[in-house]
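Chemist: Residue numbers for the sequence shown follow this note's numbering, beginning at 31 and rising by one.
Beta carbons: idealized from backbone N, C-alpha and C, even for Gly.
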Amino acid sequence: MKSEKFNAYFTLLAETVSVLFHPILMPLYGLLIIFYAPTILAYLPLTVKKFLILIVLINNVFVPLSLLPYFKYRSIITSWTISERKERILPLIVTSIFYSLTVYIIYRFNIPGFIKSFFVVSAFFAISLTILNFWWKISIHAVGVGAITALLVILSILMQTDLLVFIVTAILISGLVMSARLFLNLHEPAEVWVGYFFGIAGSGLMFLFI
31 MKSEKFNAYF TLLAETVSVL FHPILMPLYG LLIIFYAPTI LAYLPLTVKK
81 FLILIVLINN VFVPLSLLPY FKYRSIITSW TISERKERIL PLIVTSIFYS
131 LTVYIIYRFN IPGFIKSFFV VSAFFAISLT ILNFWWKISI HAVGVGAITA
181 LLVILSILMQ TDLLVFIVTA ILISGLVMSA RLFLNLHEPA EVWVGYFFGI
231 AGSGLMFLFI
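#1: What residues in its chain sit with their C-beta under 7 Å from that of residue 169, if we drop five residues either side in the sequence?
#2: When you compare the CB positions of residue 94 and residue 124, do they come within less than 8 Å of one another, or not?
#3: May I have a chain-ordered list of the alpha helix (DSSP H) segments no shorter than 4 residues that lie completely inside the segment 44-93?
#4: Spell out a yes or no on whether the segment 57-64 and the segment 163-181 are touching, meaning 3 or more CB-CB pairs, one atom from each, closer than 8 Å.
#5: Nearest to residue 142 by CA position, among 161, 82 and 157, is which residue?
#6: Can you round the beta-carbon distance between residue 34 and residue 214 to whole angstroms, since I take them to be within the 8 Å contact cut?
#7: Please work out which residues of its chain come closer than 7 Å, Cβ to Cβ, to residue 182, disregarding the five sequence neighbours upstream and downstream, and give them in chain order.
#8: Report the residue from 172, 190 and 120 whose alpha carbon sits nearest the alpha carbon of residue 164.
#9: Classify residue 208 as helix, strand or coil using the three-state DSSP reduction.
#10: Buried or exposed, going by whether 16 or more other CB atoms sit within 10 Å of the CB of residue 160?
#11: How would you call residue 109, buried or exposed, if buried means at least 16 neighbouring beta carbons within 10 angstroms?
#12: Ends of the alpha helix (DSSP H) at residue 99?
#13: Under a three-way DSSP split, which group does residue 121 fall into?
#14: Assuming contact is defined by CB atoms lying nearer than 8 Å, are residue 234 and residue 172 in contact in what I supplied?
#15: Could you spell out where the alpha helix (DSSP H) holding residue 179 opens and where it closes?
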């Protein structure tokens, strides 16, 4: 009886962690980190911050989420978690389109290059994960937290700011998210670890060379 209660508790905890750090929220979290980490980018005008957050909320969060009920109704997906690899294809394609649209919009405005790079990196991950998903169910959650970890490291290096506390926190959260995905039996360990290091490497390399 106790083991069942503990299992139910940890299942709820793992599901909560998965929702709080859902990949669809990563661009929003990344943008908030850029805006409020102690770097020169924190001094951007509030109107610019509000504009960028609004774009991300609409294109990167609201639109992809709003299409899920339609996908469910049309039996394109069988569950809200979209745990089956084949079911992730169309949602990922739609996400890639709107992430690319965000990049197009952002490049029409005079915005710091680092922020433009951030949106390009986000679109890169959406497109590359769509392609990878045709063959392998890589953990998108792990890619997301890996990319956020790399974002903090690159931000610290390029802006010459001590973000050690932020980086350590990101690593701890990454471990929590990856453990949650494994506990829920939604991924094999390789899918999680490869996803995490792909997020770190892909994000790090693109930020350095864009």
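Modeler: With the structure as the only source:
#1: One-based indexing of the sequence shown puts residue 169 at position 139. Cβ within range, chain order: 211, 217, 221, 222 and 225.
#2: Working through the sequence shown from its first residue, we reach residue 94 at position 64. Working through the sequence shown from its first residue, we reach residue 124 at position 94. Against a cut-off of 8 Å, the Cβ pair of residue 124 and residue 94 comes out as a contact.
#3: 56-66 and 76-85
#4: yes
#5: Taking the first residue of the sequence shown as position 1, residue 142 is located at position 112. Nearest of 161, 82 and 157 to residue 142, Cα basis: 82.
#6: Here residue 34 refers to the residue found at position 4 of the sequence shown. Here residue 214 refers to the residue found at position 184 of the sequence shown. With 8 Å as the limit, residue 34 and residue 214 do not qualify as a contact, their Cβ atoms being about 16 Å apart.
#7: Counting from one through the sequence shown, the residue named residue 182 turns up at place 152. Excluding residues within five positions, the ones whose Cβ falls inside 7 Å are 63, 193, 196, 197 and 200.
#8: Along the sequence shown, one-based indexing puts residue 164 at 134. That would be 120, whose Cα lies nearest to the Cα of residue 164.
#9: The sequence position of residue 208 within the sequence shown is 178, counting from 1. Reduced to three states, the DSSP call for residue 208 is helix.
#10: Residue 160 sits at position 130 when you count from the first residue of the sequence shown. Buried.
#11: Within the sequence shown, numbered from 1, the residue matching residue 109 stands at position 79. Exposed: under 16 other Cβ atoms inside 10 Å.
#12: Stepping through the sequence shown from its first residue, residue 99 is reached at position 69. Its alpha helix (DSSP H) spans residues 98-103.
#13: Looking up residue 121 in the sequence shown gives position 91. In this structure, residue 121 counts as helix in the three-state DSSP scheme.
#14: Here residue 234 refers to the residue found at position 204 when the sequence shown is read from its first residue. Here residue 172 refers to the residue found at position 142 when the sequence shown is read from its first residue. In this structure, residue 172 does not lie closer than 8 Å to residue 234 by Cβ.
#15: In the sequence shown, residue 179 corresponds to position 149, counting from 1. Taken as a continuous stretch (DSSP letters only), the alpha helix (DSSP H) holding residue 179 covers 170-188.
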